[in-house]
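Here's the structure we're looking at; comments come further down.
Protein chains: 2
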Amino acid sequence: MNKLLIVGSVAFDAIETPFGKTDKILGGAAPYIGLSASFFNLQSAIVSVVGDDFPQEYLDLLTARNIDISGLEVVKGGKTFFWSGLYHNDLNSRDTLATELNVLGDFQPKVPQNFKNADVVMLGNLHPLVQSSVLDQMESKPKLVVLDTMNFWMDCALPELLDVMKRIDVITINDEEARQLSGEYSLVKAAAKIRKMGPEYVVIKKGEHGALLFHKKEVFFAPALPLEEVFDPTGAGDTFAGGFAGFITQSENISFENMKNAVIYGSNLASFSVEKFGTERMVDLDKEEVVSRLQQFKSLTQFDIEL
Amino acid sequence: MNKLLIVGSVAFDAIETPFGKTDKILGGAAPYIGLSASFFNLQSAIVSVVGDDFPQEYLDLLTARNIDISGLEVVKGGKTFFWSGLYHNDLNSRDTLATELNVLGDFQPKVPQNFKNADVVMLGNLHPLVQSSVLDQMESKPKLVVLDTMNFWMDCALPELLDVMKRIDVITINDEEARQLSGEYSLVKAAAKIRKMGPEYVVIKKGEHGALLFHKKEVFFAPALPLEEVFDPTGAGDTFAGGFAGFITQSENISFENMKNAVIYGSNLASFSVEKFGTERMVDLDKEEVVSRLQQFKSLTQFDIEL
């Protein structure tokens with residue numbers, strides 16, 4: 001089985017949406033990525049950090065999905081990263097109510113020895129220096145390195161972000177962030193500029209409007225599934241990235257054609273993630289549901305105009 | 001050849017975008033719809049009104065595309081409808097600088113005798129009473145009636161709009177208008193509510209984010225082509241509607257499967273329309289370019305995950 005190495009935050013999230021609110025529940029990029037990637041045939045490991053306030057129950061939830069957590073450091077006396085957000089009525093915008101970095105503040109990632117030869121590395125949203133440090137520890141060159149990031153790092157760690165971008169193959173980023181990073185409004189132009197910063201492939205996530213995959217002069221579009229109700233968008237982008245990286249890891253094929261399938265899988269898994277609070281839906285999801293919804297993605301976009 | 005009857009405004013537009021500005025140029029829903037539909041094998045006619053300030057050159061431009069203008073009334077001493085708009089930097093929002101109804105204010109549409117048996121009727125954006133009056137004049141039931149409208153009529157002629165909606169098969173409407181009309185934020189729920197108001201098919205236009213086609217429990221998504229530059233979005237929705245109605249008129253097939261192709265054609269033609277000011281691009285466009293871009297739409301969305 002191929003190996004997928006995941007780095008990203010592990011967090012407590014407190015979320016309020018128009019549909020309700022949660023206490024501290026399992027959150028952070030790494031669990032969303034890991035759960036999403038667990039729908040593929042692969043070995044995965046998470047590199048991250050939590051405090052000793054982190055419940056065994058959440059660790060069990062990850063290991064039950066065959067996710068190696070030997071690289072998940074538990075800091076004695078430390079507190080786990082905490083994020084709290086309030087979504088507005090349209091669920092497209094949110095206010096951050098609290099961000100307590102806690103043990104994430106001086107996190108030094110340690111890649112487990114048996115994942116230093118991982119086939120695919122998924123660098124979830126974290127400080128670019130942490131992302132770089134993970135790449136420094138690899139003993140063989142990964143077939144593919146995927147990086148997710150956000151506007152926060154563009155604002156306060158841009159040189160470090162630009163450095164790590166030179167070492168990656170794929171970046172996943174949302175539309176506003178792509179515009180900020182490139183200074184271009186047109187996403188076609190933005191993707192071209194971002195490709196010059198390093199990654200051969202640029203995935204621009206547009207939330208309910210789907211995702212675009214750019215490579216050289218080519219472009220592919222994966223729609224978001226139109227849903228009756230979006231319950232909680234938290235983690236949708238990470239779930240997308242986990243599906244993308246998981247499918248590539250399993251298939252070992254890094255062609256543009258196969259990446260089209262990967263973004264469809266990412267969009268598919270993200271469409272489930274938003275149906276319940278936090279990681280809840282990803283935990284009760286089974287493979288048959290995933291396959292069945294892929295059929296919906298086909299119906300949604302396939303047409304047969306003869307040319 | 002099948003017949004397509006088009007009703008809609010014919011106007012002078014003065015447009016300012018970040019790329020430049022125009023004096024009074026040819027505008028209005030009907031010319032955009034007519035030019036777009038002229039790429040299909042059909043007979044079309046425009047029912048509308050202008051003043052005698054309307055230049056022969058623009059009339060010639062329409063008849064050169066085989067558009068019957070015997071139903072285009074010219075009011076002696078009257079002034080043509082005038083609209084002026086200023087687009088913001090992102091081209092997604094605009095300010096209306098002037099709306100002078102002029103001869104459109106008391107327009108009584110007159111359907112030419114030889115189009116009272118039209119196969120398809122495209123009711124472009126106008127007062128719902130004008131749209132109803134056109135349907136009243138038909139001597140045989142059209143195979144398909146398509147209606148386009150906007151928030152303005154929801155605000156000031158809602159009962160009349162709801163009346164005409166009971167007599168149509170397809171409505172094309174943008175996302176914000178669908179939300180306003182239905183009171184639902186989810187477009188899936190909005191479409192279901194709008195279908196209960198009359199039309200079997202609901203097309204929700206999302207501009208640069210593509211268009212959704214709803215019918216019963218089914219949904220299809222046509223992407224917008226990602227473009228390096230959008231020059232002038234004026235008329236994109238009308239061009240989309242013209243491509244949709246034109247393709248259906250030519251193909252005589254009103255199944256959901258065929259409507260998928262119709263929204264792809266609509267999206268395809270709209271992607272050209274925005275490349276230049278006003279109708280300029282539609283006038284110099286040729287069929288080979290249209291067919292070639294359809295291939296881009298296929299590459300953009302077709303994938304081959306085996307299930």
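Line by line, the protein sequences are chains A and Z.
Going by UniProt numbering, the first residue of the first sequence is number 1, and it counts up by one from there.
Going by UniProt numbering, the first residue of the second sequence is number 1, and it counts up by one from there.
Where is the CB? At the ideal position from N, CA and C, for every residue including glycine.
- Message: Taking the alpha-carbon of Asn268(Z) as reference, which of Phe231(Z), Gly237(Z), Asn151(Z) and Arg65(Z) has the nearest alpha-carbon?
- Response: Gly237(Z)
- Query: When we look at the beta-carbon of Gly278(Z) and count the other beta-carbons within 10 Å, is it buried (16 or more) or exposed?
  - Reply: It is buried - the Cβ of Gly278(Z) has at least 16 other Cβ atoms within 10 Å.
- Cβ neighbours of Met150(Z) in the same chain (closer than 7 Å, five flanking residues each side left out): Asn125 and Glu177
- Listed from N- to C-terminal order along the chain, which residues in the stretch 188-203 of chain A have their beta-carbon within a distance smaller than 7 Å of any beta-carbon of chain Z? Val188 and Lys189
- Message: Which residues in chain Z have a C-beta closer than 7 Å to the C-beta of Gly302(A)? List them in chain order.
- Response: A small fix is needed here, since residue 302(A) is Gln in this sequence, not Gly. Residues of chain Z passing the Cβ test: Gln302.
- Task: Put His88(A) into one of helix, strand or coil per three-state DSSP.
- Result: Looking at His88(A) - three-state DSSP - the assignment turns out to be coil, as it is neither helix nor strand.
- Message: Taking the alpha carbon of Ile46(A) as the reference point, which residue from Val121(A), Thr17(A) and Ile15(A) has its own alpha carbon closest?
- Response: Val121(A)
- Taking Cβ-Cβ distances below 7 Å as the criterion, which residues of the stretch 33-45 of chain A are in contact with chain Z? none
- Ordered list of alpha helix (DSSP H) runs contained in the stretch 24-73 of chain Z, each at least 4 residues: 29-37 and 56-63
- Figure out for me which residue from Gly210(Z), Lys217(Z) and Ser36(Z) has the closest Cα to the Cα of Ala191(Z). Lys217(Z)
- Query: Considering only residues of the stretch 248-273 of chain Z, which uninterrupted alpha helix (DSSP H) runs meet the minimum length of 4 residues and lie entirely inside it, listed in chain order?
  - Reply: 256-273
- Query: Between the stretch 251-269 of chain Z and chain A, which residues of the former have a C-beta closer than 7 Å to a C-beta of the latter?
  - Reply: Lys260, Asn261 and Ile264
- Query: Apart from the five residues just before and just after Gly235(Z), which ones in its own chain have a Cβ nearer than 6 Å to its Cβ?
  - Reply: Tyr32 and Ser273
- Task: Find the residues of chain A that neighbour Asp90(Z), judging by a C-beta separation of less than 8 Å, and give them in chain order.
- Result: Tyr185
- Message: Against chain A, does Pro223(Z) count as a neighbour if the rule is that its beta carbon must be under 9 Å from one of theirs?
- Response: yes
- Quick one: what does DSSP say Ile194(Z) is sitting in, helix, strand or coil? helix
- Classify Ala211(A) as helix, strand or coil using the three-state DSSP reduction. Ala211(A): strand per DSSP, three-state reduction.
- Message: Between Glu184(Z), Val188(Z) and Ser133(Z), which has its C-alpha nearest Met165(Z)'s C-alpha?
- Response: Ser133(Z)
- Taking 9 Å as the CB-CB cut-off, is His209(Z) touching chain A? yes
- Item | Cβ of Leu86(Z) within 9 Å of any chain A Cβ | no
- Query: chain Z beta carbons: is any one of them nearer than 9 Å to that of Phe244(A)?
  - Reply: no
- Thinking C-alpha only, which one of Arg195(A), Pro55(A), Ser44(A) and Ser292(A) is nearest His215(A)? Nearest of Arg195(A), Pro55(A), Ser44(A) and Ser292(A) to His215(A), Cα basis: Arg195(A).
- Message: Quick check on Leu172(A): buried or exposed, where buried means 16 or more other Cβ atoms within 10 Å of its Cβ?
- Response: At residue 172(A) the sequence reads Thr, which differs from the Leu that was named. Buried.
- Span of the beta strand (DSSP E), counted from its first residue to its last, around residue 355(A): In the structure as shown, chain A begins at 1 and stops at 307. Residue 355(A) is therefore absent and cannot be evaluated.
- Comparing the C-beta of Val230(A) with each C-beta of chain Z, is any distance below 9 Å? yes
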